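In case it helps, my numbering puts the sequence shown at residues 16 to 288.
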Amino acid sequence: MDALSRLWELIQFFILGIVQGVTEPIPVSSSGHLIIVRELFDIKARGLSFEIFVNFASLLAVMLIYRKDIVRLIVNTWNFLFKGDKTVKSDFMFVVYLVIATIPVGIIGVLFGDALGEALSGTSVVGITLLITALALWIIRNLRGRKQDGDLSTKDAIIVGLVQSIAVTPGISRSGATIVASMLVGMKKETALRFSFLLYIPVSLGTAILEIPEIARDPEMSQLWAPYLVAFITAFIASYFALKWFMNIMRHGKLEYFAYYCVIVGILVLIFL
């Protein structure tokens with residue numbers, strides 16, 4: 016590969032990293048946008064491990080932002096289980112509900128994830144699912160829940176977990192699906208946001224661990240380390256600032272803007288791609 020081709024490859028992966036980073040935390044589907052951008056610019060992200068790398072970059076950004084919550088939940092779960100501290104039971108139960116909500120997507124991902132990803136990766140599917148995402152966001156735009164961290168139930172966790180499993184379909188936003196479900200079961204916006212992104216951690220981490228053998232078998236990894244690194248860094252930075260921005264949007268109740276965006280992009284994709 017000559018120098019010009021190498022430079023163009025780095026630019027392509029830079030673009031994909033930005034797209035992944037910006038769209039992962041907000042309810043517009045990162046997987047769907049990656050498909051759209053690849054189609055528009057004819058980008059061939061060689062190697063099956065690309066999505067794993069950029070998703071892991073987004074995961075690290077989420078963990079950085081929610082680091083205090085993560086540490087608190089770990090410490091208080093330990094104190095409840097091994098020190099009998101009943102005052103932190105609500106944090107322990109919050110962790111239990113995260114585990115429960117992870118189970119459905121874990122089962123579906125292991126059994127059908129690859130098949131669904133390949134079968135539903137066309138741009139027409141992305142266009143339709145973006146319109147579905149827009150409708151869901153529009154439905155919850157004015158909801159004002161009352162449930163906080165200590166008010167959740169097993170039923171709430173199961174419902175959110177089942178809805179999250181739908182997000183294995185490209186174009187269905189994982190964050191959008193879980194936030195919609197969380198608000199529909201009565202969570203306050205702050206609780207819905209926290210539950211959604213803390214739920215992202217075990218899902219993304221589990222996917223990364225399960226796909227380690229795939230990365231090890233990737234015959235092109237020795238040639239792809241530089242563009243992968245570019246995509247990883249840009250995805251991490253973009254995810255961090257996109258999530259910070261989205262948290263501010265949630266506080267001010269402006270979810271309908273994302274519904275408008277998904278409608279516009281979904282229609283354009285169906286017409287032109």
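Backbone N, C-alpha and C fix where the C-beta goes; we use that ideal spot for every residue, glycine too. Fair warning: this is a prediction, and the values are worked out from it, not measured in the lab.
Could you check the C-alpha separation between residue i and residue j for me, to the nearest Å?
i, j, result
"Ser45", "Leu225", "20 Å"
"Asp17", "Val195", "48 Å"
"Ala182", "Ile286", "23 Å"
"Pro119", "Ser20", "43 Å"
"Ile174", "Met108", "16 Å"
"Val77", "Leu208", "12 Å"
"Ser188", "His267", "20 Å"
"Glu54", "Glu229", "24 Å"
"Asp100", "Arg87", "14 Å"
"Ile216", "Met236", "25 Å"
"Val278", "Ala149", "6 Å"
"Asp153", "Phe56", "For the record, residue 153 in the displayed sequence is Trp; it is not Asp. Roughly 30 Å between the two C-alpha positions."
"Ile26", "Glu66", "17 Å"
"Gly160", "Leu244", "41 Å"
From the DSSP output, in three-state form, read off residue i for me.
i, result
"Lys162", "strand"
"Val114", "helix"
"Glu66", "helix"
"Leu49", "helix"
"Arg156", "coil"
Residues in the same chain with beta-carbon distance under 8 Å from residue i, minus the five sequence neighbours each way, listed in chain order, please.
i, result
"Phe247", "Gly32, Phe68, Val69, Phe71 and Ala72"
"Asp171", "Tyr112, Lys162, Ser197, Val200, Gly201 and Met202"
Evaluate residue i with the Cβ neighbour count: other Cβ atoms within 10 Å of its Cβ, from every protein chain shown; 16 or more gives buried, anything less gives exposed.
i, result
"Thr184", "buried"
"Asn91", "buried"
"Leu102", "Here the sequence assigns Thr to residue 102, which means Leu is not the residue at that position. Label assigned to Thr102: exposed."
"Glu39", "buried"
"Ile51", "buried"
"Val141", "buried"
"Phe273", "buried"
"Leu79", "exposed"
"Val334", "What is shown of the chain runs 16 to 288, which leaves residue 334 out entirely."
"Ala253", "buried"
"Thr257", "The sequence shown places Ala at residue 257, not Thr. That one is buried."
Short of 6 Å in beta carbon distance, which residues of its chain neighbour residue i, apart from the five on each side in sequence? Order them along the chain.
i, result
"Gln179", "Val120, Ala192 and Thr193"
"Phe210", "Ser197"
"Gly165", "Ser105"
"Leu288", "Glu54 and Thr138"
Which residues in the same chain have their Cβ closer than 7 Å to the Cβ of residue i, if we skip the five residues on either side of it in sequence?
i, result
"Gly221", "Gly121"
"Ala250", "Gly32, Gln35, Gly36, Val69, Ala72 and Ser73"
"Leu49", "Leu31, Val34 and Gln35"
"Val280", "Leu145"
"Asn94", "Asp100 and Val103"
"Ile85", "Met78"
Let me know the beta strand (DSSP E) ranges lying completely inside the segment 69–107, each 3 residues or longer, listed in chain order. none
Could you name each continuous beta strand (DSSP E) segment of 3 residues or more that falls completely within the segment 221–277, going from the start of the chain to the end? none
For the segment 194–222, list the beta strand (DSSP E) runs that are entirely contained and at least 3 residues long, ordered along the chain. none
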